[in-house]
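A quick write-up on the structure given underneath.
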Amino acid sequence: MANILDSLSKVSRGDVVLSVRDIKKTFMEGGQPLHILRGGGFDLHRGEIIALVGPSGSGKSTLLQCVGLLDKPTSGSILLTGTPVHKMDDEMRTMMRRRKIGFVYQRHNLLSDFTALENVVLPMLANGVDERTASVKAMKLLRSANVAHRASHLPGEMSGGEQQRIAVARALANDPEILLADEPTGSLDPSHASSVFDLLLNIVRKNKMAMLFVTHDMNLASRADKKITICDGIVE
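FYI, full-length UniProt numbering numbers position 73 of the sequence shown as 73, with every residue one higher than the one before it.
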């Protein structure tokens with residue numbers, strides 16, 4: 001396990017960090033197969049931002065769940081910096097996800113009984129970081145997201161835009177190789193949506209990360225380096 005994880009860190013700028021090929025996902029509904037993903041694929045390079053677009057129900061979120069190691073494809077391959085993660089068992093997939101992937105959802109999904117600081121600290125504690133080190137880093141992340149003044153506040157005491165900024169800080173807690181975002185501004189009003197998306201782009205560009213984000217907003221999609229589309233279940 002250690003050798004695999006060590007090898008994942010030896011990736012230079014521009015290299016492929018995520019490779020998806022012939023991905024298919026079928027669910028059973030009422031005893032009948034429901035084919036959500038029907039094939040196709042793409043490569044995501046370090047430092048690259050890709051927008052994933054397509055009609056509602058086309059499988060965008062399903063694809064994100066698969067590449068984010070939250071679900072397994074029915075067939076096809078997913079390689080994270082050359083390692084075939086689609087074949088891993090649940091324990092290894094969880095370890096890989098915690099160390100290499102950050103998530104930003106449409107709704108912030110913050111833990112309501114924990115402060116902003118604690119919400120950012122928790123992912124690091126899960127990865128074995130000591131609490132003091134995690135707290136110092138969490139404050140730096142909150143400052144970078146312009147919400148350090150909310151560190152001791154509970155989510156219910158903050159605006160939607162502030163909560164989403166904290167969710168961005170949380171996604172970056174473990175220095176992921178890849179940031180996955182599912183309609184990251186979909187629940188925000190236009191002014192907050194613009195500022196949160198600017199934050200995401202700035203952080204990804206500054207840290208030379210890779211980002212794959214789902215959106216229905218073609219204005220946001222136009223700011224990506226390229227777009228991929230899901231049409232009739234085919235990723236292209």
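Each residue gets a CB set at the ideal place from its N, CA and C atoms; glycine is no exception.
Can you tell me whether DSSP reads residue 100 as helix, strand or coil?
Within the sequence shown, the letter at position 100 stands for residue 100. Helix at residue 100.
Between the alpha carbons of residue 87 and residue 77, how many angstroms are there, rounded?
Sequence index remark: in the sequence shown, residue 87 carries index 87 (1-based). Sequence index remark: in the sequence shown, residue 77 carries index 77 (1-based). About 8 Å.
Write down the C-beta distance between residue 134 and residue 142 rounded to the nearest angstrom, noting that I regard them as a contact closer than 8 Å.
As a position in the sequence shown, residue 134 is number 134, starting the count at 1. As a position in the sequence shown, residue 142 is number 142, starting the count at 1. In fact, because the Cβ distance is near 12 Å, the residues do not count as touching under 8 Å.
Between which two residues does the beta strand (DSSP E) harbouring residue 43 extend?
In the sequence shown, the residue the question calls residue 43 occupies position 43. First-last of the beta strand (DSSP E) with residue 43: 42 to 45.
Please classify residue 25: does DSSP put it in a helix, a strand, or coil?
Taking the sequence shown and counting its residues from 1, one reaches residue 25 at position 25. When secondary structure is reduced to three states using DSSP, residue 25 falls in the strand class.
If we ignore side chains and look at the alpha-carbon of each, how far apart do residue 227 and residue 220 end up?
Translated into positions along the sequence shown, residue 227 becomes position 227. Translated into positions along the sequence shown, residue 220 becomes position 220. For residue 227 and residue 220, the distance between alpha carbons rounds to 11 Å.
Taking only three categories from DSSP, how would you classify residue 63?
Stepping through the sequence shown from its first residue, residue 63 is reached at position 63. Annotated three-state conformation of residue 63 is helix, per DSSP.
CA-CA distance, residue 47 and residue 27?
Within the sequence shown, residue 47 is the residue found at index 47, counting from 1. Within the sequence shown, residue 27 is the residue found at index 27, counting from 1. So the alpha carbons of these two residues sit roughly 33 Å apart.
Between the CA atoms of residue 19 and residue 167 - distance to the nearest angstrom
For the purposes of this step, residue 167 is taken as the residue at position 167 of the sequence shown. For the purposes of this step, residue 19 is taken as the residue at position 19 of the sequence shown. Those two C-alpha atoms are separated by around 26 Å.
Where does residue 7 fall in DSSP's three states?
Within the sequence shown, residue 7 is the residue found at index 7, counting from 1. Because residue 7 sits at a pLDDT of 44, beneath the cut-off of 50, its placement in the model cannot be relied upon, and the following sentence gives the value as read from the coordinates. DSSP, reduced to helix, strand and coil, places residue 7 within a helical segment of the structure shown.
I need the straight-line Cα distance from residue 146 to residue 40, nearest angstrom please.
Walking along the sequence shown from the start, residue 146 turns up at place 146. Walking along the sequence shown from the start, residue 40 turns up at place 40. Their backbone Cα atoms lie some 39 Å apart in a straight line.
Consult DSSP for residue 218 and reduce its assignment to one of helix, strand or coil.
The residue given as residue 218 occupies position 218 in the sequence shown. The three-state reading of DSSP puts residue 218 in helix, counting H, G and I together.
Which full runs of the beta strand (DSSP E) of 3+ residues lie inside the segment 88 to 137, going along the chain?
Annotation: the segment 88 to 137 contains the following complete segments of the beta strand (DSSP E) (minimum length 3 residues), in chain order: 101 to 104.
Hey, how far is the Cα of residue 72 from the Cα of residue 106?
Translated into the one-based positions of the sequence shown, residue 72 becomes position 72. Translated into the one-based positions of the sequence shown, residue 106 becomes position 106. Between residue 72 and residue 106, the C-alpha separation is close to 22 Å.
In or out: residue 198 buried (at least 16 other Cβ within 10 Å) or exposed?
Residue numbering aside, residue 198 sits at position 198 when the sequence shown is read from its first letter. Exposed, by the Cβ-count rule.
Go to residue 199, then tell me how far its alpha helix (DSSP H) extends in each direction, as first and last residue.
On the sequence shown, position 199 is the one that residue 199 refers to. Unbroken alpha helix (DSSP H) run through residue 199: 190 to 206.
Cut-off 8 Å between Cβ atoms - residues of its own chain near residue 204, not counting five sequence neighbours on either side
Taking the sequence shown and counting its residues from 1, the one referred to as residue 204 is at position 204. Here the set comprises 49, 179, 210 and 211.
With residue 51 as the anchor, note down where its beta strand (DSSP E) starts and where it stops.
Numbered from 1 along the sequence shown, position 51 holds the residue referred to as residue 51. Its beta strand (DSSP E) spans residues 49 to 53.
Could you give the first and the last residue of the continuous alpha helix (DSSP H) run that contains residue 181?
Position 181 of the sequence shown, counted from the start, is the residue given in the question as residue 181. For residue 181, there is no enclosing alpha helix (DSSP H); the enclosing beta strand (DSSP E) covers residues 178 to 182.
Out of 128, 69, 222 and 38, which one is the CA nearest neighbour of residue 201?
In the sequence shown, counting from the first residue as 1, residue 201 sits at position 201. Of the candidates 128, 69, 222 and 38, the one whose C-alpha sits nearest the C-alpha of residue 201 is 222.
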